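*Asks:*
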Amino acid sequence: MNTNYKTQENKYTAKGNLTEITVLKKDGSELICKIDTFDTERVQKAGTWFAEWHKDFNNYLVQTLDTTKANGKTVSTKKTIQSVILDVNPKAPIKHLNGNTLDNRKENLEIYKRNLKNDCTKINHDTMGIILRDKFGNHKDTALISMEDVNKVVKDDYNWVLYKKGTEIMVVANTPDGRVRLDKLIMNPDETMKVHHINLNPLDNRRKNLENQSL
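All residue numbers for the sequence shown refer to this note's numbering, where the first residue is 508 and numbers rise by one.
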């Protein structure tokens, strides 16, 4: 194992408007990261780059260590190459449009806005799939709804996400007026009722899979 993978000098290879950066993984093997050539100076000044696996992206992210002094102590924090290129806070959610986290050309990067309504995909004549993304904009799951509920569910007021409360999983939208559950929005149960998913799949919110039951 190469213990110096975080400090190994990077190799930059310019190919016209595209520049390739050689970065090391923890095991010492190499990966190639792509950036726009006009961002090379900014990226080089930011430090030495390395690649580490990020479970939320299910892929490698290219990162550097940003060292600062705090209360007489040296503190190192990780900064991603995409945040340096877009000149944003390291915690800003940035989406790689083509899904390749090693492709950090500006045209492939976008700040992900969690308040946008969800993308959809038509499953069949009766069913619409709602794309559920994580805080980084990565596609994590797909919730199903009946086609008749699309106009009620897919709108600017709602950004649907997967939410876990203890052992319970649900699809929710966080709004200025509070958290809204997808199944309750569709079935509109009164206070004495709860929504039951017949096939026990909380992602399946088609009307034929939902029924109101007494508490």
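Beta carbons: idealized from backbone N, C-alpha and C, even for Gly.
From a predicted model like this one, the values you see are computed outputs, not experimental measurements.
For the ligand ATP, is there a heavy atom less than 7 Å away from the beta-carbon of Asn-622?
*Replies:* In the structure on display, the ligand ATP does not appear, and there are no ligands present to speak of.
*Asks:* Do three or more CB pairs link the region 663-670 to the region 579-593 at distances below 8 Å?
*Replies:* Contact between the region 663-670 and the region 579-593 is absent, because fewer than three Cβ pairs lie under 8 Å.
*Asks:* Given a threshold of 16 other Cβ atoms within 10 Å of its Cβ, counted over all protein chains shown, does Trp-560 qualify as buried or as exposed?
*Replies:* When all chains shown are included, Trp-560 counts as exposed.
*Asks:* State the Cα-Cα distance for the pair Tyr-619 and Val-591, rounded to the nearest angstrom.
*Replies:* Answer to the nearest angstrom: the Cα atoms are 16 Å apart.
*Asks:* For Thr-544, does the three-state DSSP call read helix, strand or coil?
*Replies:* DSSP places Thr-544 in helix when its eight states are reduced to three.
*Asks:* Take Glu-675 as the anchor and find which of Leu-692, Ser-653, Arg-549, His-704 has the nearest alpha-carbon.
*Replies:* Among Leu-692, Ser-653, Arg-549, His-704, the Cα nearest to that of Glu-675 belongs to His-704.
*Asks:* Tell me whether Asp-690 is buried or exposed, calling it buried when 16 or more other Cβ atoms sit within 10 Å of its Cβ.
*Replies:* With 16 or more Cβ atoms within 10 Å of its Cβ, Asp-690 is classed as buried.
*Asks:* Quick one: using the 10 Å Cβ neighbour count with 16 as the cut-off for buried, is Thr-608 buried or exposed?
*Replies:* Looking at its Cβ environment, which holds 16 or more other Cβ atoms inside 10 Å, Thr-608 is buried.
*Asks:* From Leu-722 to Asp-684, what does the alpha carbon distance come to, in whole angstroms?
*Replies:* Cα to Cα, Leu-722 sits roughly 24 Å from Asp-684.
*Asks:* Determine the extent of the alpha helix (DSSP H) in which Asn-591 is found, giving its start and end residues.
*Replies:* In the sequence as displayed, the identity of residue 591 is Val instead of Asn. 588-593 is the span of the alpha helix (DSSP H), which, as asked, contains Val-591.
*Asks:* Looking at the structure shown, is Thr-720 part of a helix, part of a strand, or coil, going by DSSP?
*Replies:* Note that residue 720 is Gln in the sequence shown, not Thr. Gln-720 falls in the strand class under three-state DSSP.
*Asks:* State the DSSP-derived secondary structure class of Ala-599, mapped to helix, strand or coil.
*Replies:* The answer is coil: DSSP assigns Ala-599 none of H, G, I, E or B.
*Asks:* Based on the DSSP secondary-structure assignment, which residues constitute the bridge partners of Thr-634?
*Replies:* Paired residue(s): Ser-653.
*Asks:* Would you give the residue range spanned by the alpha helix (DSSP H) that Asp-626 belongs to?
*Replies:* Run containing Asp-626: none; DSSP gives neither H nor E here.
*Asks:* Let me make sure I understand the geometry here. Which of Thr-682, Ile-542, Asp-543, Gly-535 has the alpha-carbon closest to that of Lys-624?
*Replies:* Checking every option, the nearest Cα to that of Lys-624 belongs to Thr-682.
*Asks:* Within its chain, find whatever has a CB closer than 6 Å to the CB of Lys-642; leave out the 5 residues flanking it on each side and keep chain order.
*Replies:* Same-chain partners within the cutoff: Pro-600.
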